[in-house]
Amino acid sequence: MDGATIGITAARRADEQASIVRALGGVPVIGSSIDCDQPAGDELVEAQLAAAMDAAPQFVIVMTGIGARHTLAVAERTGHERALRALLEDVSVVARGAKARNTMRRLGVRVDLLADPPSSAGLRLLLEDLPVRGRPVLVICSGPGDDPIVAELRSAGAVVHTIHPYAIDLPADAEPAIALAQMARDGAIDAITFTSANAVNGLMAAMERSGLDVAHPHPSVLVAAVGPVTRDALLAHGWRVDVEPDTPRMGAMYQALAARLHDAGGTVHNTSSPTGSTD
């Protein structure tokens with residue numbers, strides 16, 4: 316990246332992404348646009364959990380490790396842990412990625428199938444071979460809204476139940492995200508990256524709340540999306556997408572961005588992060 320300044324909108328893995336940017340020779344600028352580790356209330360999760368267990372699902376799909384951990388924690392606090400663990404012993408458990416699988420294993424839950432690649436596309440391919448038509452399926456989602464796989468399962472004839480174990484909101488301090496959006500507007504960074512649709516929507520919501528209008532990033536700023544879901548969210552808000560990896564993975568996105576910056580021989584902006592440090 317030859318010293319290029321790269322904006323990072325992620326929250327949970329922002330430090331990891333910053334390390335990747337540095338390893339590739341860039342300067343990371345963190346402006347997290349979401350706070351995605353806020354657990355949903357026990358009452359809401361308990362109601363969703365009870366309804367799902369009453370349906371006796373034959374498949375359980377885990378989208379994120381954090382979601383699984385929150386769900387088990389709520390089950391323990393509300394007296395449903397034994398019933399939930401018994402259910403998980405009797406069904407096929409599918410993990411979207413290695414992090415979800417590893418978390419389930421640490422929680423003492425067997426995982427039968429892992430999406431390959433660990434993405435929505437990989438999960439879709441995996442589910443094509445499973446007999447879900449007419450059968451109840453539980454999806455432990457990645458946020459307050461349904462993941463795209465829910466609609467696809469319903470289209471395939473599955474009877475889908477969902478649990479939304481944690482909420483996604485704007486960070487308590489949205490100033491770094493707003494400052495990053497201003498830098499993208501003004502061409503003060505070389506690229507801005509998005510690794511989830513939630514990060515896209517969060518940035519747009521932060522700008523709306525602050526009164527900042529960034530209809531389009533500066534033409535010199537590359538916009539990178541980790542995969543098609545994130546790309547579609549950007550396009551829906553009128554932003555272009557300049558970089559999208561063939562494989563929807565975070566590391567692949569940064570490699571593709573580094574190659575694009577190298578090919579372009581683009582301008583380098585030496586600027587500090589909105590938080591005052593390149594974290």
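Quick note on the numbering used here: the sequence shown kicks off at 316 and runs consecutively. The beta carbon of each residue, even a glycine, is placed where N, CA and C say it ideally should be. Computed from a predicted structure; not experimentally measured.
Report the rounded CA-to-CA distance for residue 372 versus residue 431, giving the unit in angstroms.
For the purposes of this step, residue 372 is identified with residue 57 of the sequence shown, where counting begins at 1. For the purposes of this step, residue 431 is identified with residue 116 of the sequence shown, where counting begins at 1. Going from the Cα of residue 372 to the Cα of residue 431 covers about 23 Å.
Let me know the secondary structure DSSP gives residue 354 once reduced to three states.
Here residue 354 refers to the residue found at position 39 of the sequence shown. Residue 354: strand per DSSP, three-state reduction.
Inspect the beta-carbon positions of residue 381 and residue 345 and report whether they are closer than 8 Å.
As a working mapping, residue 381 is identified with position 66 in the sequence shown. As a working mapping, residue 345 is identified with position 30 in the sequence shown. Contact: no.
Inspect the beta-carbon positions of residue 478 and residue 507 and report whether they are closer than 8 Å.
Within the sequence shown, residue 478 is the residue found at index 163, counting from 1. Within the sequence shown, residue 507 is the residue found at index 192, counting from 1. No, the pair does not count as a contact, with Cβ atoms beyond the cut-off.
Let me know if residue 523 comes out buried or exposed under the rule of 16 or more other beta-carbons within 10 Å of its beta-carbon.
Position 208 of the sequence shown, counted from the first residue, corresponds to residue 523. Residue 523 comes out exposed.
Could you tell me the alpha carbon to alpha carbon distance between residue 379 and residue 577, rounded to whole angstroms?
Numbered from its first residue, the sequence shown carries residue 379 at position 64. Numbered from its first residue, the sequence shown carries residue 577 at position 262. Straight-line Cα distance between these residues: approximately 34 Å.
Could you check if residue 443 is buried or exposed, using at least 16 other CB atoms within 10 Å of its CB as the buried criterion?
One-based indexing of the sequence shown puts residue 443 at position 128. Under this definition residue 443 is an exposed residue.
How about the stretch 531-550 and the stretch 491-503: do they share at least three Cβ pairs that are nearer than 8 Å?
yes
Name the two residues that bound the continuous beta strand (DSSP E) containing residue 525.
For the purposes of this step, residue 525 is taken as the residue at position 210 of the sequence shown. From DSSP, residue 525 is part of no beta strand (DSSP E) but of the alpha helix (DSSP H) over 512-525.
Would you list the one or two residues that DSSP bridges to residue 359?
If you number the sequence shown from 1, residue 359 lands on position 44. Answer is none; residue 359 lacks a bridge partner.
Is it right to say residue 334 is buried, meaning 16 or more other beta carbons lie within 10 angstroms of its own, or is it exposed?
Numbered from its first residue, the sequence shown carries residue 334 at position 19. Exposed is the call here.
Report buried or exposed for residue 423, applying the criterion of at least 16 other Cβ atoms within 10 angstroms of its Cβ.
Taking the first residue of the sequence shown as position 1, residue 423 is located at position 108. Exposed, because fewer than 16 other Cβ atoms sit within 10 Å of the Cβ of residue 423.
Go to residue 323, then tell me how far its alpha helix (DSSP H) extends in each direction, as first and last residue.
Taking the first residue of the sequence shown as position 1, residue 323 is located at position 8. Looking at the DSSP string, residue 323 is not in any alpha helix (DSSP H); the run it does join, the beta strand (DSSP E), is 320-323.
Using a Cβ-Cβ distance cut-off of 8 Å, determine whether residue 490 contacts chain E.
The structure shown contains no chain E; it holds only a single protein chain.
In or out: residue 348 buried (at least 16 other Cβ within 10 Å) or exposed?
As a working note, residue 348 is residue 33 in the sequence shown. It counts as buried.
Using C-beta distances below 7 Å, list every residue in its chain close to residue 518, excluding the 5 sequence neighbours before and after it, in chain order.
Working through the sequence shown from its first residue, we reach residue 518 at position 203. Excluding positions up to five away in sequence, the list reads 324, 348, 492 and 496.
Run through the DSSP bridge pairs and tell me what residue 407 is partnered with.
Along the sequence shown, one-based indexing puts residue 407 at 92. Residue 407 pairs with 374.
Checking the sheet assignment: what are the DSSP bridge partners for residue 506?
For the purposes of this step, residue 506 is taken as the residue at position 191 of the sequence shown. According to DSSP, residue 506 bridges with 321 and 537.
What is the rounded straight-line gap between the Cα of residue 319 and the Cα of residue 503?
For the purposes of this step, residue 319 is taken as the residue at position 4 of the sequence shown. For the purposes of this step, residue 503 is taken as the residue at position 188 of the sequence shown. Rounded to whole angstroms, residue 319 to residue 503 spans 11 Å at the Cα level.
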